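**Q** What follows is a single structure, and I will ask about it in a moment.
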Amino acid sequence: QQAGVDIKLNRQIESIYELFGQGYQAVFLAMGAQLSKKLEIDGGGLDGVLWGLDFLKEASLNRPPKLKERVLVIGGGNVAIDAALTAHRLGAREVELVCLESRQEMPANEEEIQQAFDEGVKFNLCCGPKRIRGDNGQVNGIELISCVSVFDKKGRFNPSFDETVTKSIETDTIIFATGQTADLSFLPSEIRTSAQGTIVVDPDTLETNRKGVFAGGDTTAGPASVIEAIAAGRKAAVAIDKYIGGEGNIDEGLTEERQIGLYTTTDQARGKMPCLAVGNRKGNFDEVELGLDEQLATKEAKRCFQCGVRLENAPGPLPKGFTF
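Numbered according to our numbering, the sequence shown terminates at residue 1370, and the numbering increases by one at each position without gaps.
As structure tokens, then:
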């Protein structure tokens, strides 16, 4: 807003063409991947089957579905871990997680995985769902099959299974957290999309096959990192500026560069963040990481390596491990 951007809230776009009709010369689509990727599975329509992002959204809006005692989450990423911990905090007596990967292969952050272990989430590794069981329209269990490998020889996601090795788990609720996808329902049919449900763009300009329409972030590359989304935004800004007649110069001078000749080093290990006791985390959403007190914060500050500085005439050779 300070830069002059006009932000319009609570608006729904029926068609991107209406924007061109309002005088805009270019449109950049950056909707993200806000929908849960749905799996076709026998029993998927039973009551008690939920979808990860929808479940987390409703919980964050303080209107979560009423959970029974046993909850099973399917997925190995951060969304799956979040869903499992949220179910735990909403009062589920037993929370289990099923994923294709081994512990080492799980895409979730290691600290998130460890927190789930610490809080009593039971992990069923190297297996996937085969069929959801039910009674009178309500989930009462799931059948799993062994996952022999998650990736093919080229490192691509291509799981293979041994259906002779099976396992059954009784549960009341199943939450699928097996991926995210973009909502492209408003997109004109002429704009090309991939088999993976992403918008196809020129990799250099991020322009779609429709002149003046650009796209980037998760909606073109699939779920990725914030850094990759920011990079896509900057690349699109350059391309759009050139498209409407500019030179594509969007460089910003955020701060004055200064050359300094100081550095610090220490062998002191990182301090451990104080956390809420595991036994006090169930049934509430209290902050788990409690923050640093003054003594620990001061101790941590003395570990500063001044990572962002540019060294000139440093006093003596740099310590081992420094690569400025």
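We put the CB at the ideal spot given by N, CA and C, even for glycine. Since this is a predicted model, take the numbers as computed values, not measurements.
Give me the DSSP bridge partner(s) of N1170.
**A** Answer by DSSP bridge pairing, in chain order: V1144.
**Q** Go to E1274, then tell me how far its alpha helix (DSSP H) extends in each direction, as first and last residue.
**A** Element bounds for E1274: 1272 to 1289.
**Q** Could you tell me the boundaries of the beta strand (DSSP E) in which I1159 lies?
**A** No beta strand (DSSP E) contains I1159, which is instead part of the alpha helix (DSSP H) from 1156 to 1164.
**Q** Checking the sheet assignment: what are the DSSP bridge partners for V1378?
**A** Limits of the chain in this structure are 1047 at one end and 1370 at the other, which puts residue 1378 out of reach.
**Q** Assign T1369 to buried or exposed, taking buried as 16 or more other Cβ atoms, counted over all protein chains shown, within 10 Å of its Cβ.
**A** Legend: pLDDT at T1369 = 47, less than 50; position of this residue unreliable, value from coordinates given subsequently. Per the 10 Å Cβ criterion, exposed.
**Q** Taking contact to mean at least 3 C-beta pairs separated by less than 8 Å, is the segment 1244 to 1262 in contact with the segment 1140 to 1158?
**A** Judged by Cβ distances under 8 Å, the segment 1244 to 1262 makes no contact with the segment 1140 to 1158, as fewer than three pairs qualify.
**Q** Measure the CB-CB distance between I1120 and N1155 and report whether it falls below 9 Å.
**A** The answer is no: Cβ separation not under 9 Å.
**Q** Alpha carbon to alpha carbon, what distance is there between Y1063 and G1069?
**A** Straight-line Cα distance between these residues: approximately 10 Å.
**Q** Taking a contact to mean a Cβ-Cβ separation below 9 Å, would you say I1221 touches A1323 in this structure?
**A** No. Outside cutoff.
**Q** In the DSSP assignment, find the beta strand (DSSP E) that holds A1261 and state where it starts and stops.
**A** Element bounds for A1261: 1259 to 1261.
**Q** For the beta strand (DSSP E) containing G1091, name the first residue and the last one.
**A** That residue, G1091, is in no beta strand (DSSP E); it is neither H nor E in DSSP.
**Q** Could you tell me if T1224 is buried or exposed, where buried requires 16 or more neighbouring beta carbons within 10 angstroms of its beta carbon?
**A** That one is buried.
**Q** Does the Cβ of K1083 have 16 or more other Cβ atoms within 10 Å, making it buried, or fewer, making it exposed?
**A** Buried, by the Cβ-count rule.
**Q** Got a sec? Which residues, its chain only, sit under 7 Å from K1328 by beta carbon, not counting five neighbours each side?
**A** Answer for K1328: H1134, R1135, listed in chain order.
**Q** State yes or no: is the C-beta of N1182 within less than 9 Å of the C-beta of E1158?
**A** Result no, Cβ atoms of N1182 and E1158 do not sit closer than 9 Å.
**Q** Look up D1181 in the DSSP assignment and give the residues it is bridged to.
**A** DSSP output for D1181 lists Q1184 as bridge partner(s).
**Q** Got a sec? Which residues, its chain only, sit under 6 Å from D1229 by beta carbon, not counting five neighbours each side?
**A** Hits under 6 Å: L1081.
**Q** Which same chain residues end up closer than 8 Å to L1336 when comparing Cβ atoms and leaving out the 5 residues on each side of it in sequence?
**A** Only M1319, P1320, C1321, L1322 meet the Cβ criterion.
**Q** Looking only at C-alpha atoms, which of G1166, R1179, K1103 sits nearest to D1093?
**A** Taking only the C-alpha atoms, the option nearest D1093 is R1179.
**Q** In three-state terms, what does DSSP make of E1064?
**A** E1064 falls in the helix class under three-state DSSP.
**Q** State the beta-bridge partners of E1253 as determined by DSSP.
**A** Per DSSP, F1260.
**Q** Let me check understanding here. Comparing Cα to Cα, which of L1233, P1111, M1077, C1193 lies closest to D1208?
**A** Ranking L1233, P1111, M1077, C1193 by Cα distance to D1208 puts C1193 first.
**Q** Out of curiosity, what's the CA-to-CA distance linking Q1058 and G1166?
**A** Distance between the alpha carbons of Q1058 and G1166 is about 42 Å.
**Q** Give the C-beta separation of V1095 and L1118 to the nearest angstrom, bearing in mind that I take them to be a contact with Cβ-Cβ under 8 Å.
**A** Their Cβ separation, rounded to whole angstroms, is 10 Å, which puts V1095 and L1118 out of contact at 8 Å.
**Q** In the structure shown, what three-state DSSP assignment does F1101 receive?
**A** Three-state DSSP puts F1101 in a helix.
**Q** Using the DSSP secondary-structure output, state which residues sit across from D1208 in a beta bridge.
**A** The partner list for D1208 (beta bridge, DSSP) reads S1192.
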